[in-house]
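In the numbering used here, the protein residues as written are 1 to 388.
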């Protein structure tokens, strides 16, 4: 299926909102640096509304003041969400380490009266062995853990948890808020119409990635009417677990940069399983056909070979080089080594020289011919080879 192009993030964000009128979920896979976090912000910004209210404060002529406020409709989890939490490490005494909360954010609405401790703890117990306490007067969180020392167990207070444990705590905080937003009786989060989740599993191992994806899917599918959710991620395993859990209830896309600078493209993968290395191969196929080959494509090609070698139980990626002559195999290995170890940036792409494009096409076409990939993934290959 041909990708759908968008000139910028606002247009893409609007398309996602349109699709959520008929689907409960949109799942996006994209490489890091594509613009996932900026897309979540653009989506949120489209939901902002300017509202006016009368203030109880009077001006100099005793007329009520009209105050303009901004109200949104999107509860989001992204890098900005994590910034609402920051550590005070008690540098003077090195003892009372606490995670501070930004009291200005609507994210923490109802922190005190809604007993967030009791809502977060059952979620956190799925993933972690530490405990916590929220001080609603000081807007801070302290952590503790039971440890065994010399055969005796005791509780260590005011510990600093690891980066991965911190991420899990913030994630469970967010899930507790999602549960509140799903409850029509809770006033504090009644403004939530959409949930946008961007890469919730940084610093997590694959076991927790599977657990988080499964738990998230189960939570979000408990309601037939709410919520409408976008999830974007660069984590292949997390994405595939979500696809399998949610199945027909979601539109699934591969998000990538478009042909024009600043543009974007969505490749619909809803009708077939999505695998990272297949998406990369399709992208390389399109690039080598069009001639739009850049130096970083050698890095992508080597990464696909490494993934293929791991899957097939080969010793290393060099076993995937499909040249028939030993001399050609050695030449291609040296060439891939040289080109994939250069300082070639995805963010500042440099086009290959024509000679290198020819080398790339040879490596790529021999690779897909030698391995049993579905030929339907690579249309027009025979025509291109005939015209080469």
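The beta-carbon is built from N, C-alpha and C at its ideal position, and this holds for glycine as well.
Original post:
Would you say the stretch 21-35 touches the stretch 250-270, given that touching needs at least three Cβ pairs under 8 Å?
Top reply: Taking 8 Å as the limit for Cβ pairs, the verdict is that the stretch 250-270 does touch the stretch 21-35.
**OP:** Could you check what DSSP says for residue 344 in three-state terms: helix, strand or coil?
**Re:** Because the pLDDT of residue 344 is 49, which lies under 50, any placement of that residue in the model is unreliable, and the question is left without a value.
**OP:** Could you tell me if residue 9 is buried or exposed, where buried requires 16 or more neighbouring beta carbons within 10 angstroms of its beta carbon?
**Re:** When all chains shown are included, residue 9 counts as buried.
**OP:** May I ask you to report which of helix, strand or coil DSSP gives residue 87?
**Re:** strand
Original post:
By the 10 Å Cβ neighbour count, where 16 or more other Cβ atoms means buried, how is residue 369 classified, buried or exposed?
Top reply: exposed
**OP:** Would you mind stating whether residue 76 and residue 198 have Cβ atoms separated by less than 9 Å?
**Re:** The answer is yes: Cβ separation under 9 Å.
Original post:
For residue 291, which of 82, 256, 352 and 376 has the nearest alpha-carbon?
Top reply: The residue with the shortest Cα to Cα distance from residue 291 is 352.
Original post:
Is it a yes or a no for the stretch 92-101 touching the stretch 134-149, going by three-plus beta-carbon pairs under 8 Å?
Top reply: yes
Subject >> When 354, 108, 326 and 172 are compared against residue 120, the one with the closest alpha-carbon >> reply: 172
Subject >> Identity of the residue in 45, 92, 143 and 372 nearest residue 74 by Cα >> reply: Of 45, 92, 143 and 372, the residue nearest in Cα terms is 45.
Original post:
In whole angstroms, what is the alpha-carbon distance linking residue 34 and residue 47?
Top reply: Roughly 22 Å between the two C-alpha positions.
Subject >> Straight-line Cα distance separating residue 259 from residue 344 >> reply: In this prediction, residue 344 has a pLDDT of 49, which is less than 50 and means its spatial position is unreliable; nothing more can be read from the coordinates.
**OP:** Would you mind reading off the limits of the beta strand (DSSP E) that contains residue 6?
**Re:** 4-6
Subject >> For residue 208, the nearest candidate out of 314, 327 and 124 (CA to CA) >> reply: 124
**OP:** Using a threshold of 9 Å, state whether the C-beta atoms of residue 144 and residue 157 are closer than that.
**Re:** yes
Original post:
CA-CA distance, residue 330 and residue 287?
Top reply: 25 Å
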